[in-house]
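Colleague: This structure is in structure tokens; I'll ask about it shortly.
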Amino acid sequence: MPPVDARDEPVADGAHADLIVLRPQGLYCPAGDFYIDPWRPVDRAVITHAHADHARPGHGHYLCSAEGAGLLRARLGEVSLQTLSWGEPLHWQGVRLSLHPAGHVLGSAQVRVEDRGQVWVASGDYFSTGSGERNPTCSAFEPLRCHCFITESTFGLPVYRWRPQAEVLADINDWWQRNATAGRTSLLMAYSLGKAQRLLAGVDASIGQVLVHGAVEPLNEVYRAAGVALAPCLHAAQATSRDMMSRALVIAPPAVHGSAWARRFGDFSDAFASGWMQLRGARRRQGVDRGFVLSDHADWPGLQAAIRATGAERIIVTHGYEAVLVRWLREQGLQAGSFRTEFGDDDGDAAVQSSSSM
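For any residue, its number in our numbering is found by taking its place in the sequence shown, counting from 1, and adding 4.
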């Protein structure tokens with residue numbers, strides 16, 4: 005890996021003793037001179053996954069999981085990219101670095117850093133539930149034993165508890181079937197990377213034609229190339245008849261809501277698939293007919309289970325409901341604090357920015 009400018013100093017007093025610290029550019033490993041998902045350009049970036057708030061352009065050199073390389077290239081184009089297989093160690097400047105599945109989207113990784121007997125793990129975004137379900141479109145989340153765990157908290161409130169995904173997909177198929185019977189298009193909005201493919205892996209394509217937005221299909225191709233089975237679908241522009249569209253399920257990013265692109269389908273029912281749909285107010289603000297609670301992030305029991313499985317005595321919480329999770333962790337007798345980060349919701353569609361500091 006090429007050298008990085010290490011002249012910057014850690015932002016917090018005593019941070020030099022920590023394996024990962026917070027700098028203006030992002031999460032930084034002083035011993036290895038690399039950043040994890042930096043939000044400002046740096047020489048060396050370890051990328052947990054290809055969502056736009058974690059994988060940004062402009063870095064000199066990128067490192068990601070082998071499973072995630074296709075998506076990273078699809079998002080960023082030709083970049084200087086090195087990959088690691090799951091669990092494959094990379095020794096750099098005395099630091100042992102390895103990547104392990106996070107279960108969030110294809111290739112999403114946790115970053116394990118080991119130096120001088122200390123092990124830290126930066127989770128990135130991860131999918132973990134109290135029931136132990138997994139995301140069927142990528143490698144399952146792998147709990148890692150460590151001394152310090154840096155965890156996301158996108159849905160870090162007790163109200164966020166995911167129903168079994170089979171039940172949610174059954175509800176989606178039922179909604180689609182009812183619309184198709186009535187001759188009405190079903191417009192299902194979901195993030196183009198990750199959520200769209202998870203829906204395509206679970207919907208019943210015998211109901212009608214599946215159409216996808218132009219932002220979705222290139223990412224579908226990467227998933228299929230990785231061996232992930234998705235429902236057959238057509239680019240929405242290939243819809244050639246009103247009869248086809250009247251029974252179709254159209255999967256598109258949330259940005260199409262209220263657009264001329266959506267109005268082309270005439271009479272349609274719209275819905276949004278997201279963990280945010282757990283709250284009725286969120287559905288009302290989206291202004292859609294239906295809200296389906298389907299998330300690629302850990303729910304409240306999943307966060308608790310994942311943290312316990314690490315055995316870590318120190319937890320650093322990032323982006324989401326940090327204060328609630330930090331308070332719960334301290335009640336469990338753990339050393340807990342938070343980092344202020346510039347990560348947002350998936351694909352940047354609904355920004356959630358941290359406001360606390362360690």
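Yeah, the Cβ is synthetic: ideal placement off N, Cα and C, and Gly gets one too.
Quantities reported herein were computed from a predicted structural model and do not represent experimental measurements.
DSSP three-state label for Tyr419, please.
Modeller: The chain is shown from 5 up to 362; residue 419 falls before or after that span and cannot be answered.
Colleague: Note down the Cα distance separating Asp270 from His323, rounded to an integer number of angstroms.
Modeller: Looking up residue 270 in the sequence shown gives position 266. Looking up residue 323 in the sequence shown gives position 319. Looking at the sequence provided, one finds Gly at residue 270 rather than Asp. Their backbone Cα atoms lie some 39 Å apart in a straight line.
Colleague: Ile255: which of Arg284, Ser245, Leu283 and Leu223 sits nearest, CA to CA?
Modeller: Along the sequence shown, one-based indexing puts residue 255 at 251. Comparing Cα positions, the closest option is Leu223.
Colleague: Where DSSP assigns a beta bridge to Gln339, which residues make up the other side?
Modeller: Here residue 339 is taken as the residue at index 335 of the sequence shown, counted from 1. DSSP, once it has assigned bridges, lists Arg318 as partnering Gln339.
Colleague: Do you know offhand how far Leu197's Cα is from Leu203's?
Modeller: Locating residue 197 in the sequence shown gives position 193, where the first residue counts as 1. Locating residue 203 in the sequence shown gives position 199, where the first residue counts as 1. Approximately 11 Å between the Cα atoms of the pair.
Colleague: Can you grab the Cα-Cα spacing for the pair Phe343 / Leu26, in whole Å?
Modeller: Your numbering for residue 343 matches position 339 in the sequence shown. Your numbering for residue 26 matches position 22 in the sequence shown. Their Cα atoms are separated by approximately 7 Å.
Colleague: Can you say whether Ser143 is buried or exposed, counting buried as having 16 or more other CB atoms within 10 angstroms of its CB?
Modeller: Position 139 of the sequence shown, counting from 1, holds the residue named residue 143. With 16 or more other Cβ atoms within 10 Å, it is buried.
Colleague: Mapping the DSSP letters down to three states, classify Thr185 as helix, strand or coil.
Modeller: Position 181 of the sequence shown, counted from the start, is the residue given in the question as residue 185. Three-state result, Thr185: helix.
Colleague: Taking 8 Å as the cut-off, decide whether the C-beta atoms of Ala194 and Ala277 are in contact.
Modeller: By 1-based counting over the sequence shown, the position of residue 194 is 190. By 1-based counting over the sequence shown, the position of residue 277 is 273. Yes, the Cβ-Cβ distance between Ala194 and Ala277 is below 8 Å.
Colleague: Assign Leu161 to one of three DSSP states: helix, strand, or coil.
Modeller: As a first step, residue 161 is located in the sequence shown; it is residue number 157 there, counting from the start. DSSP places Leu161 in coil when its eight states are reduced to three.
Colleague: Taking the Cβ atom as the reference point for each residue, do Gln114 and Leu148 lie within a distance shorter than 8 Å?
Modeller: Locating residue 114 in the sequence shown gives position 110, counting from the first residue. Locating residue 148 in the sequence shown gives position 144, counting from the first residue. Against a cut-off of 8 Å, the Cβ pair of Leu148 and Gln114 comes out as a contact.
Colleague: Is Val330 helix, strand or coil by DSSP?
Modeller: Locating residue 330 in the sequence shown gives position 326, counting from the first residue. Note: Val330 maps to helix in three-state DSSP.
Colleague: One question on the structure: do Arg48 and Asp37 come within less than 8 Å of each other, judged by their Cβ atoms?
Modeller: Along the sequence shown, one-based indexing puts residue 48 at 44. Along the sequence shown, one-based indexing puts residue 37 at 33. In contact: Arg48 and Asp37 (Cβ atoms closer than 8 Å).
Colleague: Apart from the five residues on each side of it in sequence, which residues of its chain come closer than 6 Å, Cβ to Cβ, to Tyr32?
Modeller: Position 28 of the sequence shown, counted from the first residue, corresponds to residue 32. Result list for Tyr32: Val25 and Tyr39, in chain order.
Colleague: Count Cβ pairs between the stretch 298-314 and the stretch 150-163 that sit closer than 8 Å; are there 3 or more?
Modeller: Because the criterion of three Cβ pairs below 8 Å is met, the stretch 298-314 and the stretch 150-163 touch.
Colleague: Please confirm whether Leu298 and Gln169 have their CB atoms less than 8 Å apart.
Modeller: Translated into the one-based positions of the sequence shown, residue 298 becomes position 294. Translated into the one-based positions of the sequence shown, residue 169 becomes position 165. Yes; because the gap between Cβ atoms is below 8 Å, this pair is in contact.
Colleague: Cα separation between Gln201 and Leu234?
Modeller: Reading the sequence shown from its first residue, position 197 is the one you call residue 201. Reading the sequence shown from its first residue, position 230 is the one you call residue 234. Their Cα atoms are separated by approximately 7 Å.
Colleague: Taking 8 Å as the cut-off, decide whether the C-beta atoms of Gly134 and Pro305 are in contact.
Modeller: Sequence index remark: in the sequence shown, residue 134 carries index 130 (1-based). Sequence index remark: in the sequence shown, residue 305 carries index 301 (1-based). In contact: Gly134 and Pro305 (Cβ atoms closer than 8 Å).
Colleague: Which of the three DSSP states, helix, strand or coil, is assigned to Val260?
Modeller: Numbered from its first residue, the sequence shown carries residue 260 at position 256. In the structure shown, Val260 sits in a helix (DSSP, three-state: H, G or I).
Colleague: Would Leu88 and Ala54 qualify as a contact pair, given that the criterion is a beta-carbon distance under 8 Å?
Modeller: Counting from 1 along the sequence shown, the entry for residue 88 is found at position 84. Counting from 1 along the sequence shown, the entry for residue 54 is found at position 50. Contact: no.
Colleague: Determine, using beta carbons only, whether Trp179 and Ala275 come nearer to each other than 8 Å.
Modeller: Numbered from 1 along the sequence shown, position 175 holds the residue referred to as residue 179. Numbered from 1 along the sequence shown, position 271 holds the residue referred to as residue 275. Closer than 8 Å, so yes.
Colleague: Quick check: is the beta carbon of Glu335 nearer than 8 Å to any beta carbon in chain C?
Modeller: Included in the structure is just one protein chain, with no chain C present.
Colleague: Would you kindly report the start and end of the unbroken beta strand (DSSP E) that includes Val226?
Modeller: Taking the sequence shown and counting its residues from 1, the one referred to as residue 226 is at position 222. Unbroken run through Val226 is the alpha helix (DSSP H), Glu221 to Ala229; no beta strand (DSSP E).
Colleague: From this set, His151, Val83 and Gly72, which residue's C-alpha is nearest Glu340's C-alpha?
Modeller: By one-based count along the sequence shown, residue 340 stands at place 336. This sequence places Ala at residue 340; Glu is not what is there. Checked all of His151, Val83 and Gly72; the closest Cα to Ala340 is His151.
Colleague: Any idea which residues DSSP pairs Phe269 with across the strands?
Modeller: The count along the sequence shown starts at 1 and reaches residue 269 at position 265. In DSSP, Phe269 forms no bridge with anything.
Colleague: Quick check: what's the CA-CA separation for Ser360 versus Ala174?
Modeller: For the purposes of this step, residue 360 is identified with residue 356 of the sequence shown, where counting begins at 1. For the purposes of this step, residue 174 is identified with residue 170 of the sequence shown, where counting begins at 1. Any answer about Ser360 is weak, because its pLDDT of 28 lies below 50 and its placement is not dependable; what the coordinates show is given next. Those two C-alpha atoms are separated by around 39 Å.
Colleague: Buried or exposed, going by whether 16 or more other CB atoms sit within 10 Å of the CB of Pro257?
Modeller: Here residue 257 refers to the residue found at position 253 when the sequence shown is read from its first residue. Pro257 comes out buried.
Colleague: Who are the near neighbours of Gly3 in its chain, counting only those whose CB is closer than 8 Å to its CB and skipping five residues on each side?
Modeller: The question about residue 3 has no answer here: the residues shown for the chain are numbered 5 through 362.
Colleague: Just checking my contact of Val216 with Val207 at CB under 8 Å: how many whole Å lie between their CB atoms?
Modeller: Numbered from 1 along the sequence shown, position 212 holds the residue referred to as residue 216. Numbered from 1 along the sequence shown, position 203 holds the residue referred to as residue 207. Actually they do not touch by this definition, with Cβ atoms about 11 Å apart.
Colleague: So, helix, strand or coil for Arg294, using DSSP?
Modeller: As a working note, residue 294 is residue 290 in the sequence shown. Strand at Arg294.
Colleague: Just to confirm, are His301 and Phe159 a CB contact at a threshold of 8 Å?
Modeller: Position 297 of the sequence shown holds residue 301. Position 155 of the sequence shown holds residue 159. Taking 8 Å as the Cβ cut-off, His301 and Phe159 qualify as a contacting pair.
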